[in-house]
Each structure stands twice: as structure tokens, then as C-alpha cells.
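Single-structure report; data block below.
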Amino acid sequence: IATYASAIRLCGNSRSLSAARRIRDHLVGNGWDRNTFLGNLLVELFGKCGSLDESRRAFERIATPNTYSWNIMTAAYTGNGNLHDARRIFAQMPEKDIVSWNAMMTAYSQARHFLPALDMFDKMPQWDVWSWNAIMRVYSLSGSLDTAKNLFDKMPQRTIVSWNTLVAEYAQKRHLGDAVGMFEKIPMRDMVLWNEVVMVFLDVGMANEAIELLEAMPQRDTVSWNTRTKAFVQIGDLVNAKRSFDSTPKPDLASFTTMVVAFSQQGKLRNAREMFDRMPCRDTVAWTAMVSAYAQNGHVNSARNLFHEMPEKNLVSWNAMVAAYGQNCDGATAVHLFRLMDLEGIQVDSISLVSALDGCSSKTALAEGRILHAAAVELGFDQD
RNA sequence: UCUCUUCUUUGAUA
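So the first sequence is numbered by the working numbering: it starts at 82 and just counts up by one.
See the structure below:
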């Protein structure tokens, strides 16, 4: 079991989907895929690769799934932005532990569904530091930074994550004074915090200072390297961005996707596609980035083909495709897709609406405009 | 020095 486990983990590190499938087939062949521990690893592995079908099948093959199995299955869905199926799994779970509740609360929070997130918190049988950190973030994301700070002060325990969360929230909301104040009081500074500081420089348009700081840092992790690559992209230095990517010791999906977007923005569609093809495995984010790359460079048909090839689609992927049609003045198809989202069980958001409206400006018939207006009213966006 | 899952930093849509 240990041998198989390490083999699966190796795939996870290299994020190689084909290697993952080979191991999976091997385990299916000898029946070890029914083992809970190994099955759990497979569920997680396919989830991380954005292959939710295979993840679910691995889950279904486990003879006696435990709470870990259920939680990993939930995480696979939430990690790919599939709130719908995550909820379903959560509801079906025979036994929920604190991890299940925390995961579901965070899933709502990330989807910006703050009321259900608060509801989860209230319904939880007990709370741990993770729950407190997560609820603190719900408040800050929903705009109540003061409430978040009050929570931070009153929380029964705090970890380094609590501190890092608040610094990041202050920084993102441009309360730089508060961010610095927090930073100075932090008892222990880790890599996450330093990466946050680098991001502050990038966010305020000081890319060169960000790069200098990164180079002065004693340690760098993959996030640091990715941020460095992004900094070069931001100053329009594609050559050094590519160099930064090539120097990244352990590139992950974000490293590749950053380059896909960078090439696309410079109109280098071929390079973008090469980067995409070189990825050992592709998650929903990567697929969506490539769909948008085609769309933004005027290749709507290629965008559509790739969209249909995607193994999993979430809200953002759909929005990207709606926008693709909108930007290319095919308002009718954009609206059609917009309505299809509903049928697919995707909860539309304001971006879906704006993207569909984009193509409506002149070419779309009045009837389609009415559909969107009705949707806007329903969503409560009619005042905007 | 990686006993499987949940919190904070980097990558996708307007």
C-alpha cells in the first residue's frame, strides 16, 4: 500500500494525468482501487487534475468510503468551482465532521454566497481555528472588514493563518496602514506573508520593487516564482517572464496558466497553445484561460471547439464563452448560451449578464434584450 | 523532513 501510495503522490507532484491513469488502471486490475486509503488518493489526484468524472468514478469504486473519502470528493468539486455537486455530496454524506463543514463553508465563501456561508457556520456542531479563520474571511470578503477585525480580536485561538488572512484583506482593500500595522505585530512571518507583501507591490504598480524584494528573499516557493513571472508580464517583459517560468524549480498549474495568459495578451496565440499542450495536466482554470485566449484573438470557432472539449465547465468557463460570442458581435448566440447556463444548473452572476449584454448593443433583437433584462431584475442587478 | 481531506498568498471570465 505504501508503495502504491507514494506512486500516486508522485503523480500528484508532477501533476501528470497520463501517469495517474496508468496507476489507476493498474489498481483497477488488481482490485486495490477498492481500498479506502488508495482510493482516497486517487479521488484527490483526479480532482486536482480537474478530471471530476474520473474522480467520482474512483470514489464510487471504494468499497467502504470513510469520512475522508467524502470530504475529498467534496473538495474535488469545490476546488473546480462546482458548488452544485459539492452541495449534493455534502447532503449525501452519512457522517459529517468539522472538516466537511469547514470545506462547505469555504466553498460558499469563495463563490461569494455569503449568507449560506454564515448559515453553515451557525449550523456547525463545533468550531476549530480553521472555522474561525474561514468565517473571518467571509466577513472581510463581504465588505465587513471591521467585523472581521473584531472577530480576530475575540477568536478563541489564532494561528499564523489568521494573521496572514487579515493582512491580505487589509492589503487588498487598500488599507495599507492597517496592513503594515498588522505586519509589524505578527509574531511569526512565513513565506505566505512575504508573498503577500510582494503582491502588494505588484498591486500598486511597483513591479520592479516586487521583483527586487523577491530576489532579496532568503527562500522562494512556487507561489513566489509565479508572482515573479507575473511581475514581468505586468511590465510587458515577456522575455524575462518566460525566463522566470523556465527557472521555476517546481512549476505548477498556475505557472503554466500564467504563461498561457501572458502569451495570449501579446497576441502570441501559438505560444499560448504550446504552453497549454505542454501542461502535464489541465484543470478548469487552464482550459478556461485557453478558451479565452482564442476568443480574445478573434478565433471564436477554436474557442468553441475547445469549450466543448473541456472535461469540466464551471461558471467562469461559461462566462468566458458567452463573452467570446459577445465580443465577436454574435449577441444571439451569447444570449442563447446565457440561457443554456440555467438549464445546465449553473447559477449566473453579474459577469454572465454583462458578457451577454456586450453582444446585444446593436445587433440583438429586442426579444433577447428583454430576456436579459428579466434576468437582471431577477438577480437584483437592474439598479446597476 | 512529504499519516489521505477543510482556513491565508500566485494562474481563468466582463
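Even glycine gets a Cβ: it sits at the ideal position worked out from N, Cα and C.
So Ile89 and Leu122 are in contact, right, with Cβ under 8 Å, and what is the actual spacing, rounded? 4 Å
Indicate whether Leu274 and Val314 have their beta-carbon atoms separated by less than 9 Å. no
Top-ranked residue by Cα proximity to Gly426, from Tyr251, Leu396, Leu91, Ile316: Leu396
Over what stretch of residues does the alpha helix (DSSP H) that includes His417 continue unbroken? 412 to 424
Do three or more CB pairs link the segment 317 to 328 to the segment 298 to 305 at distances below 8 Å? no
Going by DSSP, what residue range makes up the alpha helix (DSSP H) through Lys266? 257 to 266
Provide the residue span of the alpha helix (DSSP H) that contains Trp306, from first to last. 303 to 315
To which residues of the same chain is Ser373 closer than 6 Å at the C-beta, ignoring the five residues directly before and after it? Ala401
Starting from Arg490, trace the alpha helix (DSSP H) both ways and give me its first and last residue. The chain is shown from 82 up to 465; residue 490 falls before or after that span and cannot be answered.
Pro197, enclosing alpha helix (DSSP H) - first and last residue: 195 to 204
Please state whether DSSP places Met185 in a helix, a strand or coil. helix
Pull up the distance between the alpha-carbon of Leu295 and that of Ala415, whole angstroms please. 42 Å
Determine the direct distance from the alpha carbon of Met186 to that of Arg169, and round the result to whole angstroms. 14 Å
Just to confirm, is the Cβ distance from Met217 to Ser181 under 9 Å? no
Residues near Phe282 in its chain [Cβ-Cβ closer than 6 Å; skip 5 each side]: Glu290, Ala291
On the criterion of 16 or more Cβ atoms from any shown chain inside 10 Å, does Lys230 qualify as buried, or is it exposed? buried
In angstroms with no decimal places, state the Cα-to-Cα distance between Ala288 and Lys266. 26 Å
Taking the continuous alpha helix (DSSP H) assigned at Glu141, which residues delimit it? 133 to 142
Return the chain-ordered list of same chain residues with a C-beta closer than 7 Å to the C-beta of Ala335, the five sequence neighbours on each side being excluded. Asn307
How many whole angstroms separate the CB atoms of Gly160 and Leu126, which I take to be in contact at a CB cut-off of 8 Å? That pair is no contact at about 12 Å.
Count the other C-beta atoms from every protein chain shown that fall within 10 angstroms of the C-beta of Arg96, then say buried if there are 16 or more, exposed otherwise. buried
Within 10 Å of its beta-carbon, does Leu387 have 16 or more other beta-carbons around it, so buried, or fewer, so exposed? buried
Compute the Euclidean distance between the alpha carbons of Ser223 and Gln428, then round it to the nearest angstrom. 19 Å
Given Met340, which residues of its chain have a CB within under 6 Å of its CB, disregarding the five upstream and five downstream residues? Phe326, Met356
Thinking C-beta only, is Ala100 closer than 9 Å to Ile91? Sequence check: residue 91 is Leu here, not Ile. Yes, these two residues count as a Cβ contact at 9 Å.
Is the beta carbon of Ile153 less than 9 Å from the beta carbon of Phe118? no
Hey, could you find the ends of the alpha helix (DSSP H) Ser97 is sitting in? Careful: Ser97 lies outside any alpha helix (DSSP H) and carries neither H nor E.
Could you compute how far the alpha carbon of Asp166 sits from the alpha carbon of Glu393? 12 Å
Val389 by DSSP, collapsed to three states: which one? Looking at the sequence itself, residue 389 is His, so the reference to Val does not match. Helix.
What do you reckon, are the CB atoms on Ala367 and Thr329 nearer than 9 Å? no
Decide if Val77 is buried, meaning its Cβ has at least 16 other Cβ atoms within 10 Å, or exposed. Coverage of the chain is limited to positions 82 through 465, which leaves residue 77 absent and any answer about it impossible.
Candidates Asn183, Gln207, Met371, Thr240, of which the one nearest Asn352 by Cα: Met371
Beta-carbon within less than 8 Å of Ala86's beta-carbon, same chain only, minus the 5 sequence neighbours each way: which residues are those? Phe118, Leu119, Leu122
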